[in-house]
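For the sequence shown, this note's numbering gives the first residue as 1, with consecutive numbering after it.
By construction, the Cβ of each residue, glycine as well, lies at the ideal position given by its N, Cα and C atoms.
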Amino acid sequence: MVTGTSWVLVPETVKFNLVGKLPEGVYPRDLMLTIIGEIGANGCNYQVMEFTGEGAKTLSINDRMVLCNLAVEAGAKTGIFEADEAAIEYLKARGREPKAVYTSDEDAVYAGEYTFDLSKVQPVVAKPDFVDDVAPAKEVLGVKIDEAFLGSCNNGRIDELRVGAAVIKGRKVADGVRFLVVPASLEVYKQALKEGLVKIFMEAGAIVMNPNCSVCWGSCQGVIGENEVLISTGTRNFKGRAGHPSSKVYLGSAATVTASAIAGEIALAE
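Structure representation (structure tokens):
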């Protein structure tokens, strides 16, 4: 702080080659939890996770954000995708014109390489109290919940709200369950209002909050109590993360969280 300089180690890069395409009803959230479950929460400590391959090109900008956002849960310093036309158009729409676009050299040396077939990914859930304790969602069906949370920097964008609204439209939140829906930003909130998503959630009995981190880190809005169970689209599920130390947090996709809010227990979207 005195010198105004900082020592930073340039991270090595781990390559994640993505092939195929995600099946219907399976989401980038399921993919990234699957990756973390396989490589572990320390699988890329102080490294860069580079996502590439034909499968990467099938993912929308929102999808790519989900993977890059959760990279830290594998210990990574950052997650990156090679910039393509979709990325450049996204930036231009927000008033940002890239001055240069970089790609990895063909002979680049990686600290490690993995290949994941997107077509084989299935809905998964991270069980308490570790983000890498990942299991197929069908193996934890029926676990009673007290609260469901759809939001956070990872899964609170308009794509996730659309998924949740499609699942809950014309249905109701289970008795005794609190279902918090929290847009990730004011932009997302306005878009959700414009599309009628907020109305769908409210008519179903959900609690729609102002944009913020909310219960993801147990600071406000729906902090869970003693021995309560939460299923969340938040980033982590460490002990006491969302409230009382005896509470339990499961992590899942927007579809799984919404279906669980309707069922009153961990469930899969129909």
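### Query
Nearest to glycine 285 by CA position, among Glu85, Ala86, Leu70, Ala87, is which residue?
The requested residue 285 is not part of the displayed model; the chain covers only 1 to 270.
### Query
From what residue to what residue does the beta strand (DSSP E) around phenylalanine 16 run?
12-19
### Query
Can you name, in chain order, every residue of its own chain whose Cβ lies under 6 Å from the Cβ of valine 198, other than the five neighbours on each side?
Ala192, Val208
### Query
Where do the N-terminal and C-terminal ends of the beta strand (DSSP E) with lysine 273 fall, by residue?
Any answer about residue 273 is impossible in this case: the structure gives the chain only from 1 up to 270.
### Query
Ordered along the chain, which non-local residues of its own chain (more than five positions away) have a Cβ less than 6 Å from that of glycine 43?
Ala74
### Message
Any contact between the stretch 254-262 and the stretch 146-163? By contact I mean 3 or more CB pairs, one from each, below 8 Å.
### Response
yes
### Message
Taking the alpha helix (DSSP H) that phenylalanine 201 belongs to, which residues open and close that run?
### Response
197-203
### Query
Are alanine 76 and leucine 268 touching if we call contact CB-CB under 8 Å?
no
### Message
So for arginine 29, helix, strand or coil by DSSP?
### Response
helix
### Query
With a Cβ-Cβ cutoff of 8 Å, do threonine 34 and serine 152 count as a contact?
no
### Cβ contact check for the stretch 87-96 and the stretch 180-196: 3 or more pairs under 8 Å
no
### Query
Looking at C-beta atoms only, is the number of pairs between the stretch 90-98 and the stretch 151-166 that lie closer than 8 Å three or more?
no
### For alanine 204 and leucine 291, the rounded distance between their alpha carbons
For the chain, the structure presents residues 1 to 270; residue 291 sits outside this window and is missing.
### Message
What would DSSP say about glutamate 270, mapped onto helix, strand or coil?
### Response
coil
### Message
Contact defined as beta carbons within less than 8 Å: I believe alanine 111 pairs with valine 173. What is the distance between those atoms, to the nearest angstrom?
### Response
Contact doesn't hold; Cβ gap of about 45 Å is too wide.
### Query
Taking only runs of the alpha helix (DSSP H) that begin and end inside the stretch 25-100, which ones reach a length of at least 4 residues, in chain order?
28-39, 54-57, 61-69, 85-92
### Three-state secondary structure (DSSP) of valine 181
strand
### Query
Given a threshold of 16 other Cβ atoms within 10 Å of its Cβ, counted over all protein chains shown, does phenylalanine 201 qualify as buried or as exposed?
buried
### Query
Beta carbon of alanine 242, beta carbon of glycine 218: below 8 Å?
yes
### Query
Where do the N-terminal and C-terminal ends of the alpha helix (DSSP H) with threonine 258 fall, by residue?
254-263
### Message
Using a Cβ-Cβ distance cut-off of 8 Å, determine whether aspartate 30 contacts chain D.
### Response
Chain labels in this structure do not include chain D; a single protein chain is all it has.
### Euclidean distance between Cα positions of aspartate 129 and asparagine 237
5 Å
### Query
What is the DSSP secondary structure of alanine 126, counted as helix, strand or coil?
strand
### Message
Within the continuous beta strand (DSSP E) that includes valine 134, where are the two ends?
### Response
134-136
### Query
Roughly how many angstroms lie between the CA atoms of valine 223 and leucine 251, to the nearest whole one?
16 Å
### Selected residue, minimal CA-CA separation from valine 19, among Pro98, Asp63, Ala206, Phe116
Phe116
### Query
Exposed or buried, which one is arginine 96 when buried takes at least 16 other CB atoms within 10 Å?
exposed
#### Entry: Spatial distance of valine 249 from serine 6 (CA atoms)
36 Å
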